[in-house]
Every structure is written in C-alpha cells, then in structure tokens.
Amino acid sequence: MTLISAARGFLAFLLSAPVLQGNDDWRVTYSSSNVCALRGAMVDINCTYEYPDNVQYRPNTVRTLWFTKGDKYQPVDLEHDTDYTGRVESSCGEVSCTGSRCHGTCTLIIRDLRQSDSAVYKFRFTTNLPGGEYTGDPGVMLTLTDLQVKVSFLYPENPTWAELECHSMCGLAGDTPYIWIRNGQNVGQGINYWEYIQSDGSYSCAVEGYKRVTSPLVWLQGNGDWTVTYSSSNVCALRGAMVDINCTYEYPDNVHYRPNTVRTLWFTKGDKYQPVDLEHDADYTGRVESSCEEVRCTGSRCHGTCTLRIKDLRQSDSSVYKFMFTTNQLGLEYIGNPGVMLSVTDIQVKVSFLYPTDPSYAKLECHSMCGLAGDPPYIWFRNGQNVGQRVNYWAYIQSGDSYSCA
728 MTLISAARGF LAFLLSAPVL QGNDDWRVTY SSSNVCALRG AMVDINCTYE
778 YPDNVQYRPN TVRTLWFTKG DKYQPVDLEH DTDYTGRVES SCGEVSCTGS
828 RCHGTCTLII RDLRQSDSAV YKFRFTTNLP GGEYTGDPGV MLTLTDLQVK
878 VSFLYPENPT WAELECHSMC GLAGDTPYIW IRNGQNVGQG INYWEYIQSD
928 GSYSCAVEGY KRVTSPLVWL QGNGDWTVTY SSSNVCALRG AMVDINCTYE
978 YPDNVHYRPN TVRTLWFTKG DKYQPVDLEH DADYTGRVES SCEEVRCTGS
1028 RCHGTCTLRI KDLRQSDSSV YKFMFTTNQL GLEYIGNPGV MLSVTDIQVK
1078 VSFLYPTDPS YAKLECHSMC GLAGDPPYIW FRNGQNVGQR VNYWAYIQSG
1128 DSYSCA
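Per this note's numbering, residue 728 is the first one in the sequence shown, and the count goes up by one each step.
In structure tokens form, the structure reads like this:
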C-alpha cells in the first residue's frame, strides 16, 4: 500500500496499482484505481493527463472537471453537484509541453466524507482542438468505511481485562494517531487500549484532529457480578449408570442494554477459546443432554439454571466438566471455573469370612468408592442367577461358585 500524502495519508489508502487509459496519445493516469477512506475525514484523488502538442495548432487545456454522475457526454461537475456543495475542491497544475507532449496534473479533494460518497470518480479534460475532449475511464472507486472497535477479553472466563483495538477495512497505517474515549472523556492514545472493566461504560476510538472520524460506541459492562455456581465440585458415579451435573449462573441486568443468554454449553475438551460442546463431541454421541430453564431477571440480576445429563457412563468420562454461557452483549461470555470433577467407578464385591479358620461362610458386601447414599437396591447374583436384594449377602461358599452385585 502507498500513502496518498504525508498530511492526509492516514485517512485514505491506495489499494492497487496506477490505472491509465490511452487513446493514441490522449490519456489519463490515476494514482490508484481504488481508494479507501474513513467517513467524516478528507481524501485526495490524483491524476495526470496528457495529449499531443500539435505544432500547426497548439492545443490549450480549456476545461477540467471531476464527475461521478452523468456520463462522458453530459457529466455533472462535482463542483456544481449539490450533494457535494462546500465539500469539494479541484486544483490543477499548469500544463507544460515538452517535445511532442503536453502534461497536466489535477487533484480532487473531498472533505467531510459521507457514506453516499462511495462511487466511481472520473476526470475529464477539454482542449481547444476540434473534438479535443477526453474522459479517463474506468475511473477511481472510492470506498467509505467507519472506524470499528474490536474487543478481545484476555481471560474469557473472567471478562474484566479487555483489549480494545481500533481498526478499519482501509488498513490504516501503524502510526495513525488514534485517541480513545470512555464515557465521553479522552482516556488514552494508540491503536490498542487495555482496560480493567470495573463498571459499565461506553468506548469509542477516533483519529486525532478529526473529531468527525469516530467509531460507533461499544458498551462494555463491569464483570463483578458474573458467576457460575455448581451444586458440587466433585461428583462420583457408577460405570454404566447416569449422572446429572447441575449449575446456576447469574449476570447483571443492564437497563441500558438488556442482555439475553444466547448460548449455553458444557465442555471438557478444548479450552476457554475453543471449547468443544459435549453435545457435538463424538465421544458422547447419544449419551448427553443439556437442559436449561428460562432465564429470569429480578431487580438488577438475571438468573439461569442448567443441568448436564450423561447416560451409560464410561470410565473415560472421568474428567473436569465446565459450563459456559454467552450473552448478546459484544464479546461477553463467561466460563465457570474450576468446574466439576466427575469420577466414574465400578461396583466392587468385598468378601469377609465369618470364620477365618473355615472359609465356607462369607459375608459379601456390595460397595463403591462413590460411597452411595442410604441403602440402594443392590441385586445379588450367584452363578448368574438372581439370589436376593440387599446391601450385604451371606453365603455358604461351595467350590466353583461365582458372585456379583448390581
């Protein structure tokens, strides 16, 4: 890319190589076929033009103009176009003729750029030769864009530290003098601005010296009241069984910009930047279900609850599970750390002989590392046959017997 000028280059960029049109020896050469500029700023569009120096009838340039409306037969001079009144200026240097050629340069200046100024601009010149007029096709495409504020949270699970970046589709120069504005007050300079968001506020960036060149406001909300609370930090469950992991989440109800929960998910793979939603994780296909109740906002708080259900548990499901929710506020997402540790284990049969000297009578106890509550309905099997339902089972052990519980 090439800057248009030292004074104004940071507001408009040339996006491609010079473009020229020739008609034998009549030509117009634009400095670029595409120019990108910021709404509210100023832009220069430059060209050079040439025509032959006729020794028998020396031509003179008698008229130059820029236009975007009309055509080459009836162009509307921008300096007489009511849409540009008071905002355009065309300046041309003196024509010089050397050898068999005459050369001239012209610059179009447009101030206080508007979105409607996005158009193709063409230069036309007329000489005192019969039929001596020429339009430079295809012209210059001017594209108008706004500054934008891009927000990145340094720690998405706790969005209090934010990096704000001022950028534009024009790809402005690195030394562009940006200023940052918070709640209407100037708070810093530079392309990037780091902020610890303690309270609600509006942010925008601008180009220094051009108060009209300002980005749209971005509203950021203080993060002191964003929480995820799990019903337990550790859950133990039996292989083959089903488990529920529950949480509640809260965030502030902003009267200026009412937030809505637009996405919730549970994950155990990936990280805070690219979490893998369990409902789309191939290892859990057909075994997981996430259900959330409707969010309620009371007073200054919004509350929601969600439950993750995993069926047909496998040993490989032992992991840390985290809940993440996203609102419709720019970039605001929150992850509940440290999450819930799920341990998946098997039922075990514990054998105690009533008479160690005579291991024929035994007490069989069904137990698990999970420490199951109360007296769950265990079923006992002897040689594959159901022989009773109780926590403990007393047996007369015979050679070749096998026992299990479920």
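Ideal Cβ positions, reconstructed from N, Cα and C, are used throughout, including at glycine.
Residue i and residue j closer than 8 Å at C-beta
{"i": "residue 791", "j": "residue 832", "result": "no"}
{"i": "residue 908", "j": "residue 933", "result": "yes"}
{"i": "residue 955", "j": "residue 964", "result": "no"}
{"i": "residue 976", "j": "residue 1066", "result": "no"}
{"i": "residue 763", "j": "residue 897", "result": "yes"}
{"i": "residue 1050", "j": "residue 993", "result": "yes"}
{"i": "residue 823", "j": "residue 779", "result": "no"}
{"i": "residue 918", "j": "residue 905", "result": "yes"}
{"i": "residue 805", "j": "residue 789", "result": "no"}
{"i": "residue 1151", "j": "residue 1018", "result": "Here the chain comprises residues numbered 728 to 1133, so residue 1151 is not present and cannot be evaluated."}
{"i": "residue 1040", "j": "residue 968", "result": "yes"}
{"i": "residue 840", "j": "residue 766", "result": "yes"}
{"i": "residue 1061", "j": "residue 953", "result": "yes"}
{"i": "residue 997", "j": "residue 1003", "result": "yes"}
{"i": "residue 798", "j": "residue 777", "result": "no"}
{"i": "residue 867", "j": "residue 942", "result": "no"}
{"i": "residue 1032", "j": "residue 1016", "result": "no"}
{"i": "residue 863", "j": "residue 755", "result": "yes"}
{"i": "residue 1128", "j": "residue 1113", "result": "no"}
Residue from the options whose Cα sits closest to the Cα of residue i
{"i": "residue 978", "options": "1027, 992, 1021 and 970", "result": "1027"}
{"i": "residue 849", "options": "1105, 761, 1018 and 892", "result": "761"}
{"i": "residue 1055", "options": "946, 867, 1092 and 1008", "result": "946"}
{"i": "residue 1092", "options": "1106, 918 and 1076", "result": "1076"}
{"i": "residue 1116", "options": "914, 1108 and 1123", "result": "1108"}
{"i": "residue 1120", "options": "1126, 936, 1090 and 1113", "result": "1090"}
{"i": "residue 856", "options": "916, 1037, 787 and 1130", "result": "787"}
{"i": "residue 1105", "options": "799, 819, 1113 and 1132", "result": "1132"}
{"i": "residue 878", "options": "890, 867 and 1030", "result": "890"}
{"i": "residue 861", "options": "852, 1044 and 867", "result": "852"}
{"i": "residue 1005", "options": "912, 1030, 1031 and 1046", "result": "1046"}
{"i": "residue 999", "options": "795, 881, 1128 and 961", "result": "881"}
{"i": "residue 818", "options": "966, 825 and 793", "result": "793"}
{"i": "residue 1080", "options": "1124, 1020, 1068 and 1095", "result": "1124"}
{"i": "residue 1097", "options": "961, 910, 830 and 935", "result": "961"}
{"i": "residue 1043", "options": "830, 966, 1130 and 802", "result": "966"}
{"i": "residue 865", "options": "1048, 758, 1118 and 944", "result": "758"}
{"i": "residue 912", "options": "922, 920 and 930", "result": "930"}
{"i": "residue 1126", "options": "1087, 1118 and 1095", "result": "1087"}
{"i": "residue 980", "options": "1024, 803, 974 and 1036", "result": "1024"}
{"i": "residue 800", "options": "859, 838 and 821", "result": "859"}
{"i": "residue 936", "options": "959, 903, 830 and 1095", "result": "903"}
{"i": "residue 1095", "options": "1082, 1084 and 1118", "result": "1118"}
{"i": "residue 1068", "options": "1022, 796, 957 and 838", "result": "957"}
{"i": "residue 1078", "options": "916, 1084 and 1130", "result": "1130"}
{"i": "residue 830", "options": "838, 837 and 854", "result": "854"}
{"i": "residue 974", "options": "939, 1048, 920 and 916", "result": "1048"}
{"i": "residue 795", "options": "1001, 825, 1008 and 837", "result": "837"}
For residue i: DSSP bridge partner residues
{"i": "residue 872", "result": "765"}
{"i": "residue 1119", "result": "1092"}
{"i": "residue 1035", "result": "972 and 1017"}
{"i": "residue 979", "result": "1028"}
{"i": "residue 946", "result": "929"}
{"i": "residue 916", "result": "906"}
{"i": "residue 809", "result": "Beta-bridge pairing links residue 809 to no other residue."}
{"i": "residue 1023", "result": "1030"}
{"i": "residue 961", "result": "1068"}
{"i": "residue 991", "result": "1052"}
{"i": "residue 1132", "result": "1107"}
{"i": "residue 861", "result": "852"}
{"i": "residue 956", "result": "975"}
{"i": "residue 879", "result": "890"}
{"i": "residue 1041", "result": "Per DSSP, none; premise fails for residue 1041."}
{"i": "residue 815", "result": "837"}
{"i": "residue 922", "result": "889"}
Check your understanding: Which runs of the alpha helix (DSSP H) spanning at least 4 residues fall entirely within the stretch 818 to 857, listed in chain order?
Key -> none
Practice item. Mind the definition here: the stretch 863 to 880 touches the stretch 803 to 818 only if three or more C-beta pairs lie below 8 Å; say whether that holds. Key: no
Review point. Which runs of the alpha helix (DSSP H) fall wholly inside the stretch 1043 to 1117 and span at least 4 residues, in chain order?
Key: none
Check your understanding: Do the stretch 766 to 774 and the stretch 836 to 849 touch if we need at least three Cβ pairs shorter than 8 Å?
Key -> yes
Point to revise | Contact the stretch 1011 to 1019 vs the stretch 1065 to 1074: 3+ CB pairs below 8 Å | key: no
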